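Numbering (the working numbering), first residue to last: 4 to 253.
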């Protein structure tokens, strides 16, 4: 099936032959109504899913609903963080924690953005591009400026220092990376940095603050990742779940 997806190079695109194991052994009895994945008389092992809160959560719930799961409790969740529907146990978490839970093996499957995967890496299989949460990493700064002109020391502010360092290293550009956890757009406005590396969807926030995209770096979208051990121990169950997700998102 190939080795787990160890993201040593966080900017590289996953290789389908390595990160996506061979076709799964499908269970003999398919999902029928409320009987569960394996039908009556055979309880399906629980698949624990770490789901990124926020925009990914909302789109993921639509996919789960299309798969036939009852997500009503999640849609009216309040402050609750763990839910059960069918043979799924769903854990709501921040994006970086989803990576940790999958990497450490306390969750089997994760729905998380490729921006987080590229920044944090980990030991897991990247199985599906879920097709939502689409945006991009971009280099941006003050409108009308040329980031690469001149010989002065360059400073770049970002929430994604690993992605930024890798990008500039590959371009052979020596610059200082400053981590910012809040509104990174402020950095060039306040004179802290010459440019920023950030996630851009429409570019509206940049334009409203007198900034513009200098160049795109890397596309971003929501991905489905699977723990390297779970894919072996729960091969049929996870395989059936992924099949249903892929059909639902088509």
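From the three backbone atoms N, C-alpha and C, an ideal C-beta is built for every residue, glycine too. Predicted model, so just to flag it, every value in this text is computed and none were measured.
When you compare the segment 112-126 with the segment 93-102, are there three or more beta-carbon pairs, one atom per stretch, that lie closer than 8 angstroms? yes
Going by DSSP in three states, residue 191 sits in which element: helix, strand or coil? Position 188 of the chain shown, counted from the first residue, corresponds to residue 191. Correct three-state label for residue 191: helix.
Measuring alpha carbon to alpha carbon, tell me which residue in 88, 120 and 78 is nearest residue 228. Taking the first residue of the chain shown as position 1, residue 228 is located at position 225. Closest option to residue 228, Cα to Cα, is 120.
Using DSSP bridges, identify the partner residues of residue 88. Counted from its first residue, the chain shown places residue 88 at position 85. Residue 88 pairs with 91.
For residue 187 and residue 79, I'd like the C-alpha separation in whole angstroms. Looking up residue 187 in the chain shown gives position 184. Looking up residue 79 in the chain shown gives position 76. Cα to Cα, residue 187 sits roughly 32 angstroms from residue 79.
Let's test the definition: count the other Cβ atoms within 10 Å of the Cβ of residue 111 and tell me whether it reaches 16, buried, or not, exposed. Position 108 of the chain shown, counted from the first residue, corresponds to residue 111. Flag for residue 111 reads buried.
Are the Cβ atoms of residue 220 and residue 135 separated by less than 8 angstroms? Reading the chain shown from its first residue, position 217 is the one you call residue 220. Reading the chain shown from its first residue, position 132 is the one you call residue 135. No. Outside cutoff.
Mind checking who residue 200 pairs with in its DSSP beta bridge? Along the chain shown, read from residue 1 onward, the residue named residue 200 stands at position 197. Partner(s): 142 and 161.
Would DSSP call residue 229 helix, strand or coil? By 1-based counting over the chain shown, the position of residue 229 is 226. In the structure shown, residue 229 sits in a strand (DSSP, three-state: E or B).
For residue 122, which residues of its own chain have a beta-carbon under 6 angstroms away from its beta-carbon, when the five flanking residues on both sides are left out? Counting from 1 along the chain shown, the entry for residue 122 is found at position 119. 163, 165 and 166.
Could you tell me the distance, in whole angstroms, from the CA atom of residue 182 to the CA atom of residue 196? Counting from 1 along the chain shown, the entry for residue 182 is found at position 179. Counting from 1 along the chain shown, the entry for residue 196 is found at position 193. C-alpha separation (whole angstroms): 11 angstroms.
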